[in-house]
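**Student:**
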Ligand code: SF4
C-alpha cells in the first residue's frame, strides 16, 4: 500500500475546533486587503487595453443621435435606463422636438408622458427643459465645448459632460464612468473606489489620454456582452489571463461571443 493510500485508511484525528481569529487579527487582515493598491502596472494596463481593442475595435456610443444636442438629451434620458429603451423613445421625440428651442418651449406635462418609459420622467423632464432653456439663453442654442460650461446646464453632471464632449465633439477631458465602468474597473482591479469621480481620476491617471474616450465605450460593451454582472462569460474574454476577479467563471457560449 503506498503512502497516499495508507494515509486514506488512517483514522483521522478528532477534529479540532477552529480557533476564531481575535477581533484585532481579523481587523488587521481586512485592513491589509483593503490597503493593497489596485494593480495598475503599465504592462498589465497595456494588456487590458490591447485585449479590449481586439474584442471591440469598433465600440461606439449606442445612443442614437445626429448631433451633440440630441446626444445631450439622450444621455440625460439614459440615467437608470437602457440605451435600447432610450433609442425607442428618442426615435419619435427627436421628430417632434428638433432643436433646443423646441425643448425649451415644451409643455412639462406632455414631455413627461413622452419620456415616461425611460423612468424618473419628472426629474428628467426638468433637466431636459432646463438644459435646453440654458442653451438657448446662454449658449446661442449650441452645446458648449468645455466641461465647465456644460456643467452649468441644469441636471447635467460629469458623466453626461464626458459623453457629449467625447462622442459629440471628440474632445477628451475625462473618462465616462457609468454603471458598467464602475463595476468592471473594480473587477479588473484598476481602482478600489465606488464613487464615479474618484474612479474617473484613477482611470485618467493610468490610461493614455488618447484612450480616454474609446476605453469607456469598450468597457461598456464588455460589461453588456461578456463581463456581465452575474456569471461573466470569461471563456469568451480576451483579457482573462490578466483578470483574477473572484467571480470569474470558465463559461462561454456561442451567443455571447463578442459582437464585432
Ligand atoms: S475574465 Fe471574466 S471577470 Fe475577468 S474581465 Fe473577463 S469576463 Fe470579466
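Numbering (our numbering), first residue to last: 69 to 328.
Cβ atoms here follow ideal geometry from the backbone N, Cα and C, with glycine treated the same way.
Since the structure is predicted, the reported quantities are computational estimates derived from the model, not experimental observations.
1. Going by the beta-carbon positions, is the gap between residue 285 and residue 127 smaller than 8 Å?
2. Can you list, in chain order, the residues of its chain whose CB lies under 7 Å from that of residue 209, leaving out five sequence neighbours each side?
3. Helix, strand or coil: how does DSSP classify residue 115 here?
4. Nearest CA to the CA of residue 281: which residue from 293, 292, 268 and 291?
5. Given this structure, state the Cα-to-Cα distance separating residue 211 from residue 136, to the nearest angstrom.
6. What is the DSSP secondary structure of residue 246, counted as helix, strand or coil?
7. Let me know the secondary structure DSSP gives residue 257 once reduced to three states.
8. In angstroms, rounded to a whole number, what distance separates the CA positions of residue 277 and residue 157?
9. Please tell me whether, using a cut-off of 7 Å, the distance from the CB of residue 316 to the nearest non-hydrogen atom of the ligand SF4 is below it.
10. How is the alpha helix (DSSP H) around residue 218 delimited, first residue to last?
11. Rounded to whole angstroms, what's the CA-CA distance from residue 139 to residue 293? Just pull it up for me.
12. Classify residue 91 as buried or exposed, calling it buried when 16 or more other Cβ atoms lie within 10 Å of its own Cβ.
13. Go to residue 206, then tell me how far its alpha helix (DSSP H) extends in each direction, as first and last residue.
14. Would residue 224 and residue 141 qualify as a contact pair, given that the criterion is a beta-carbon distance under 8 Å?
15. Mapping DSSP to helix, strand and coil, what is residue 15?
16. What are the boundary residues of the alpha helix (DSSP H) that includes residue 274?
17. Suppose the cutoff is 6 Å on Cβ atoms and the five residues either side in sequence are ignored; what does the same chain contact list for residue 262 look like?
18. On the three-pair Cβ rule with 8 Å, is the stretch 147-156 touching the stretch 185-192?
19. Whose C-beta lies closer than 8 Å to the C-beta of residue 198 among residues of the same chain, with five residues either side of it excluded?
20. Smallest Cα separation from residue 119: which of 174, 283 and 177?
**Tutor:** Let me lay it out:
1. In the chain shown, counting from the first residue as 1, residue 285 sits at position 217. In the chain shown, counting from the first residue as 1, residue 127 sits at position 59. In this structure, residue 127 lies closer than 8 Å to residue 285 by Cβ.
2. Taking the first residue of the chain shown as position 1, residue 209 is located at position 141. The residues are 167, 168, 169 and 203.
3. Here the question's residue 115 lines up with position 47 in the chain shown. If DSSP states are grouped into helix, strand and coil, residue 115 belongs with the helices.
4. Walking along the chain shown from the start, residue 281 turns up at place 213. Among 293, 292, 268 and 291, the Cα nearest to that of residue 281 belongs to 268.
5. As a working mapping, residue 211 is identified with position 143 in the chain shown. As a working mapping, residue 136 is identified with position 68 in the chain shown. Rounded to whole angstroms, residue 211 to residue 136 spans 7 Å at the Cα level.
6. Numbered from its first residue, the chain shown carries residue 246 at position 178. Residue 246 falls in the coil class under three-state DSSP.
7. Counting from one through the chain shown, the residue named residue 257 turns up at place 189. Of the three classes helix, strand and coil, the one that applies to residue 257 here is coil, per DSSP.
8. Stepping through the chain shown from its first residue, residue 277 is reached at position 209. Stepping through the chain shown from its first residue, residue 157 is reached at position 89. Whole-angstrom Cα-Cα distance: 33 Å.
9. One-based indexing of the chain shown puts residue 316 at position 248. Yes.
10. As a first step, residue 218 must be located in the chain shown, where it is residue number 150. Under the DSSP assignment, residue 218 falls in the alpha helix (DSSP H) whose first and last residues are 215-218.
11. Counting from 1 along the chain shown, the entry for residue 139 is found at position 71. Counting from 1 along the chain shown, the entry for residue 293 is found at position 225. Computed Cα separation, rounded: 23 Å.
12. Within the chain shown, residue 91 is the residue found at index 23, counting from 1. In this predicted model, residue 91 has a pLDDT of only 36, less than 50, meaning its place in the structure is not dependable; the value taken from the coordinates is given anyway. Residue 91 should be labelled exposed.
13. The count along the chain shown starts at 1 and reaches residue 206 at position 138. First-last of the alpha helix (DSSP H) with residue 206: 189-206.
14. Start at 1 with the first residue of the chain shown, and residue 224 comes out as number 156. Start at 1 with the first residue of the chain shown, and residue 141 comes out as number 73. It is not a contact, given that the beta carbons lie outside the stated cut-off.
15. Here the chain has residues from 69 to 328 only, and residue 15 is not among them.
16. Your numbering for residue 274 matches position 206 in the chain shown. 264-274 is the extent of the alpha helix (DSSP H) around residue 274.
17. Counted from its first residue, the chain shown places residue 262 at position 194. Excluding its 5 nearest sequence neighbours in each direction, residue 262 has no C-beta neighbour in its own chain below 6 Å.
18. yes
19. Here residue 198 corresponds to residue number 130 of the chain shown, with the count starting at 1. Correct list, in chain order: 221, 222 and 223.
20. To locate residue 119, count along the chain shown from 1; it is residue 51. Comparing Cα positions, the closest option is 283.
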